[in-house]
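Chemist: Here it is, the structure in full.
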Amino acid sequence: MDYNALPVPQACYADFCLIPVGTNKVSVADEIAQVQRVLQASGLKYTLHSAGTTVDKAQTAEDKVKRVQDLLKPST
């Protein structure tokens, strides 16, 4: 599947939660801290909440131009 061919909505939201499966521990505090560090470094707007994490990615005009440039770039 060519994911670059999929239409991109004006704004995207992703919501996820970490659930420990097949481990001896019930806490995911360390993993959540790692996710938070990655999100902070990404520059994306995000919210940590009691049921998980929501990530917000609204596309700017620059994002749209970059996507068009990437789509038009000759493949090597």
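For the record, in the sequence shown the residue sitting at position 46 is 46 according to full-length UniProt numbering, with numbers rising by one throughout.
C-beta atoms are modelled at their ideal positions from N, C-alpha and C, and glycine is treated no differently.
In this text the structure is predicted, and so the values were computed from the model without any measurement.
For residue 35 and residue 69, what's the separation of their Cα atoms in angstroms?
Modeler: One-based indexing of the sequence shown puts residue 35 at position 35. One-based indexing of the sequence shown puts residue 69 at position 69. If I take the Cα positions, the gap works out to 30 Å.
Chemist: Leaving out five residues on either side along the sequence, give the residues of the same chain with a beta carbon under 6 Å from the beta carbon of residue 56.
Modeler: In the sequence shown, the residue the question calls residue 56 occupies position 56. So the list reads 13 and 45, once near-sequence residues are dropped.
Chemist: State the start and end residues of the unbroken beta strand (DSSP E) segment that holds residue 56.
Modeler: The residue labelled residue 56 in the question sits at position 56 within the sequence shown. Residues 52–58.
Chemist: Hey, could you find the ends of the alpha helix (DSSP H) residue 30 is sitting in?
Modeler: Locating residue 30 in the sequence shown gives position 30, where the first residue counts as 1. Note, residue 30: alpha helix (DSSP H), 29–42.
Chemist: Could you tell me which residues DSSP puts in a beta bridge with residue 48?
Modeler: In the sequence shown, the residue the question calls residue 48 occupies position 48. Its beta-bridge partners are 53.
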